[in-house]
Amino acid sequence: MKKIALFVAAAAVSLSVGGKALADTNTISFTDKAGITPDNVLLYPIDKAIDNIRINLTFADDKKAQVLIDVAKERLGESEVMADKGKTDLSIQAMNSYNDKMAESQSNIENAIDNTTTNTTTDSTAKSDNLNAVETTIENAQTNSIEVLKNIEKKLSGNADKKESCNRSSYQNETRSSSICNRG
């Protein structure tokens, strides 16, 4: 009888934990991309400097756009972590950095597309396919980030100024995402 009760209890616990884990997988989050967070005043500037070096050492516009997307995702993850910790100012700073990197990424991909359309070499088709892949990556990142920004907005709901900044970030992503969709 004890074994049956123990089995039933174990099954109930595993089902309740499994149900929560299943529900959590539907929420998009970039916290796993967050590296050193802005509240680490010693290492965070070094982390940002290394990211800037990575960006500056990448010369092709399409490759630079991809590096910028990676850095932007890291910043959005940092913004999420800071919002979870209740550090709204640092969350907003990371979110603004995210917006800057995504805008820069889109600018780089647009430059690369312009250069490809004016170039008539034989490898321009392969380059165009690569640019389309990077463009899709940007679009997916922006689409996913809209949900993340809305989640951050909920966490920052107590402060109207912070909420407005989050709304602005979400709007900028929706605008950039639609401009990519409308171009292709």
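Just so you know, the sequence shown maps onto residues -23 to -1, 1 to 161 in mature numbering (1 follows the signal peptide of the UniProt record, and there is no 0).
All C-beta atoms, glycine included, are put in the ideal place defined by N, C-alpha and C.
Could you give the residue range of the alpha helix (DSSP H) that holds residue i?
| i | result |
| --- | --- |
| residue 125 | 101 to 132 |
| residue 54 | 38 to 61 |
| residue 30 | 21 to 33 |
| residue 76 | 65 to 95 |
Is the beta carbon of residue i sitting closer than 8 Å to the one on residue j?
| i | j | result |
| --- | --- | --- |
| residue 44 | residue 31 | yes |
| residue 95 | residue 108 | no |
| residue 49 | residue 72 | no |
| residue 57 | residue 6 | yes |
| residue 63 | residue 11 | no |
Could you pull out every residue in the same chain whose Cβ sits closer than 7 Å to the Cβ of residue i, ignoring the five residues on either side in sequence?
| i | result |
| --- | --- |
| residue -20 | Summary for residue -20: the model assigns pLDDT 46, below 50, so the residue's position carries little reliability; its value from the coordinates is reported in the next sentence. Here the set comprises nothing. |
| residue 29 | none |
Considering only residues of the same chain and omitting the five flanking positions on each side of residue i, which have a CB-CB separation below 8 Å?
| i | result |
| --- | --- |
| residue 37 | 89 |
| residue 8 | 54, 57, 58, 61 |
| residue 114 | 43, 46 |
| residue -5 | Low confidence applies here, because residue -5 scores a pLDDT of 41, under 50, leaving its location unreliable; read the following figure in that light. Closer than 8 Å at the Cβ level, and outside the excluded window around residue -5, lies no residue. |
Under 6 Å Cβ to Cβ from residue i, same chain only, skipping five residues before and after it: list those, please.
| i | result |
| --- | --- |
| residue 132 | 60 |
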